[in-house]
Amino acid sequence: MRKVSLVHLRPGHKGRVLEILGGSGLKNRLMSMGLYSGKEITKLSYVGLRGPVVIKAGRNILALGHGMAAKVMVETE
Amino acid sequence: MIKKIYLIGNPNVGKSVVFSRLTDVHVISSNYPGSTVEFIKGYLSLGDEKVEVVDLPGTYSLEPSSTAEEVAVSLLREYPKNEIAVINILDSTNLERNLLLTLQLIEEGFPAIACLNMCDDAAHRGVHIDIQKLEEIIRIPVVSTCAVTGIGIKLLIDRIKEASPVLRDKVSHEERWKEIGRIIERVQRLEHRHHRVREMLEDASVRPFTGLIMASAVIYVSFKIVRFIGESIIGKITDPIFYGTIQPLLEKLALNWQEKSFLFHLLIGDLVNGKIDFKQSLGLLTTAPYIEFGMVLPYVISFYLVLSLLEDIGYLPRLAILLDNLLHRLGLHGYAIIPVLLGFGCNVPGILSTRVLESKRERFIASTIISIGVPCVPLQAMIVGLLGVFGGFYVGGVYLTLFTIILILGIILNRVLPGYSPEFLIEIPPYRFPPLTMLARKLYFRVKGFLFEAVPIVLVGVLIINILLYFKLFDIVTGVFEPIIHGLFGLPKEAIVALIVGFLRKDVAIGMLAPLELSAKQLFIAATLLAISFPCIATFIVLWKELGIKGLVKSSFIMIMISIIVGTALNFVILR
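Residue numbers (this note's numbering), protein chains in the order written: chain A, 1 to 77; chain B, 1 to 576.
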């Protein structure tokens, strides 16, 4: 088990959200869109050069800006 | 006694389609989050009564995190809970995320009914939901619908009166998600399906490499289709009408008329070689209708058709992901591509839709970029029509110049303006093929909007110009501006008239360049300047409303500076 941010998770790999480093505003926003501690996600893609990260959470596909993705920590194998 | 019905749901669940099914009032619905920032009202017959139905902006939760969500939540609390009914619309293919709002509504004591929309799409994707079991668990009425085809709508209307508050403890977000997990386990069954073509395309469009290939293909094909449809309408419909029917009629009229009379000048304009020339005569019955209906309207139709299709399929959010990188350098995020694309149709809706961007700083950058660097369809149609004669090279040059300006301007604004631009977070909807009736409605409303906005201004504009020309009042202005227009931009001094007219309507302004017999270089410079310099009056008013007077002044100052720099640079850099 390793702890990495969404930016460093490899595309195509699964992970479980451990924590969201950020204020309650960001946490609530992500949570209301279905991304919260304990949620299993799959990283779909990453657009290089500080581009956004695309993940799948349940049946939900979300795109997060680079800075936001860096604040979402996940554990992966 | 129900006095008001609210439709509430996450963005992209087909809320607007349900609304138009319930009320028969036509609305524009879109497949990207945040399109319904303004709410829409309609009426539904419930028994003998007509009840007002309000379509609230899409929201993920009752704890708002954007302006649109704030609007939704505050509207919902306007009336006492015993006088309203809330229809909560959910996307059946994504029940889990949608249930958060449902549970919040129940906890808050709203009399709610759940409408599980897009049931056909769920079945296609192998998602099976036990409606009865869900109803037993959450204890509010649950109806399965497919608003696009109308399945379940009647049942939904019948059961609205069953909506009543249910007792439920308020819990934290975490506990709510745990509860939702348990509910999903009991009511939803996923059938394992192999990846089908649609899902493969969905995935490919968000990956950097395949995504860029797809984006290039989509943009190229869209451009070709817009041109093909536009040219077809002109060649097959409007030109035959103007040249075959209207011209002979008007010429008969003109022959029996005392030329040079004031009225003749207003209605018909100048004859070119003894004949009416729709592009140059500049009369209320000749050039004014020809520019609007014969040159611009065909492209307005084809542009909005293609844009509405891309919107409803759900492609635009994917384009936003790919462009986030680039737009970040300009102080915007990927989602800003949507206002920009709308701006290519008409700057007014483009600037209005910058409201989907969160910060004031972003809205200022986006609005300024749109009003300076994004040419609207009428302007583009006229540029292609007049400059295209000299070859695609010049037309391409205008676009390249504008694109360069957008990049440089954006980078500078991002460096200079205080503050930072927020990160981007959007939901990527699955591809859906829009029902053709919704597409047709949307196209109808957009084209109608264009006609109502453009035609009166064009007629009044041409009238004013004709009067000013007749009494030679422009001569005063042309003298004053000659040093700039001729000295810096290398244009004949009469071109200032076109630049001034550009303030009224860009398409008419470019049309006014036609009689000046400009060289390719001059026309190229004049067209580029018209695109950059003062936006038309409608855009100006919207800029004022959205940015305030200070923002408008700042934006205008930038505009004038860029016009002078670019006009001069082009004049001295281009050799012929």
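We put the CB at the ideal spot given by N, CA and C, even for glycine.
- Between ASN325 (chain B) and ARG50 (chain A), the C-beta gap is smaller than 8 Å, which places the two residues in contact.
- Boundaries of the beta strand (DSSP E) around CYS115 (chain B): 112-117.
- The Cβ atoms of LEU250 (chain B) and THR287 (chain B) lie no closer than 8 Å to each other.
- Only exposed fits MET200 (chain B), as fewer than 16 other CB atoms lie within 10 angstroms of its CB.
- At least one CB of chain A lies nearer than 8 Å to the CB of GLY334 (chain B).
- Within the same chain, THR528, VAL566, LEU570 come within 8 Å of THR401 (chain B) by CB-CB distance, once the 5 residues on both sides are set aside.
- A distance below 6 Å between beta-carbons, with the five flanking residues on each side excluded, links THR59 (chain B) to the following residues of its chain, in chain order: GLU69, ALA72.
- If you draw a straight line from the Cα of TYR36 (chain A) to the Cα of TYR304 (chain B), it comes to about 39 Å.
- For the set B:TYR444, B:ILE338, B:ALA509, B:ILE276, the Cα lying nearest the Cα of GLN247 (chain B) is the one of B:ILE276.
- Between the stretch 38-49 of chain A and the stretch 313-328 of chain B, the count of C-beta pairs closer than 8 Å reaches three or more; the two stretches touch.
- Counting every other CB atom within 10 Å of its CB across the protein chains shown gives TYR470 (chain B) a total below 16, marking it as exposed.
- Residue state for SER5 (chain A) is assigned as strand, using DSSP reduced to three classes.
- For the 8 Å CB-CB criterion, VAL166 (chain B) and ILE140 (chain B) form a contact.
- With distances taken between CA atoms, LEU116 (chain B) lies nearest to B:VAL187 out of B:LYS81, B:VAL187, B:GLU63.
- Per DSSP, reduced to three states, the secondary structure at MET1 (chain B) is coil, with no helix or strand assignment.
- Distance from the CA atom of ARG59 (chain A) to the CA atom of HIS124 (chain B), rounded to whole angstroms, is 14 Å.
- One Cα belongs to THR238 (chain B), the other to GLU52 (chain B), and the distance between them is close to 42 Å.
- In the three-state DSSP reduction, THR76 (chain A) falls in the strand class (E or B).
- Look at ASN256 (chain B) here: in three-state DSSP terms it is coil, with no helix or strand label.
- DSSP places TYR43 (chain B) inside the beta strand (DSSP E), whose first and last residues are 40-46.
- Between VAL143 (chain B) and ILE180 (chain B), the gap from beta carbon to beta carbon reaches 8 Å or more.
- Listed along the chain, the chain B residues whose CB falls inside 8 Å of the CB of ARG50 (chain A) are ASN325, HIS328.
- Counting only residues of its own chain and dropping the five nearest sequence neighbours on each side, GLY385 (chain B) has a CB closer than 7 Å to the CB of MET295.
- By the C-beta criterion, the stretch 142-160 of chain B is judged not to be in contact with the stretch 2-16 of chain A, since fewer than 3 inter-stretch pairs fall below 8 Å.
- Counting every other CB atom within 10 Å of its CB across the protein chains shown gives GLN132 (chain B) a total below 16, marking it as exposed.
- In this structure VAL377 (chain B) is not in contact with ALA531 (chain B), their Cβ atoms being roughly 12 Å apart against a cut-off of 8 Å.
- According to the DSSP secondary-structure assignment, CYS146 (chain B) is paired through a beta bridge with B:ILE151.
- Residue-level contact check: SER32 (chain A) touches chain B, since one or more beta carbons of chain B fall below 8 Å from its beta carbon.
- ILE525 (chain B) sits close to PHE489 (chain B), with the two beta carbons spaced by under 8 Å.
- The shortest CA-to-CA distance from LEU134 (chain B) to any of B:LEU99, B:GLU162, B:SER164, B:PRO535 is the one to B:LEU99.
- Straight-line spacing of the CA atoms in LEU253 (chain B) and SER519 (chain B) works out to 34 Å.
- Separation of the CB atoms of VAL374 (chain B) and GLY343 (chain B) is rounded to 4 Å, and the pair is thereby assigned contact status at 8 Å.
- In chain order, GLU423, PHE424, LEU425 make up the part of chain B whose C-beta sits under 8 Å from the C-beta of LEU64 (chain A).
- Each of B:ILE40, B:GLY9, B:SER65, B:LYS50 was checked against the Cα of ILE87 (chain B), and the nearest Cα belongs to B:GLY9.
- Within a 10 Å sphere around the beta-carbon of PHE242 (chain B) sit 16 or more other beta-carbons, which makes this residue buried.
- Interface annotation, SER24 (chain A): not in contact with chain B, CB-CB separation never under 8 Å.
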